[in-house]
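Chemist: Numbering (this note's numbering), first residue to last: 2 to 77.
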Amino acid sequence: MAIHLLENTLKINIYYDEADCSFDDNICVSILEDCPEEEKIFRAQETNLYLTPAQATQLVQALTAATSESTRPAST
């Protein structure tokens, strides 16, 4: 699954890395940047974070909670 952010200059690709199936952290969050050097967030053009299934689940839960808060009507 690929997600494009920041006017398509940041691409986040999330996938199960079968080549790393022998490791606990085999879910890859790959971040690719395609922008001028002075606009970069990361030092490298590509950064990979490897998560365990439990960490990936925590990330999903945190994003879901933030999404729920964001879509709630503002309290007055």
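Cβ coordinates follow ideal geometry from the N, Cα and C atoms, glycine included.
The model shown is predicted, which means the values in this text are computed figures rather than measured ones.
Counting only runs of 3+ residues fully inside the region 42-67, write out the beta strand (DSSP E) ranges in chain order.
Modeler: 47-52
Chemist: If contacts are defined as beta-carbon pairs under 8 Å, then Phe30 and Ile15 qualify, I think. What distance do you get, rounded to the angstrom?
Modeler: A small correction: the amino acid at residue 30 is Val; Phe does not occupy that position in the sequence shown. So it is a contact: roughly 5 Å between Cβ atoms.
Chemist: Rounded to the nearest angstrom, how far is the Cβ of Tyr17 from that of Ile28, given a contact under 8 Å?
Modeler: 6 Å
Chemist: Does the distance from the C-beta atom of Thr10 to that of Glu34 stay below 8 Å?
Modeler: yes
Chemist: At the level of alpha carbons, what is the spacing between Asp25 and Glu8?
Modeler: 33 Å
Chemist: Going by CA-CA distance only, name the one from Ser69, Thr68 and Ile32 that's closest to Arg44.
Modeler: Ile32
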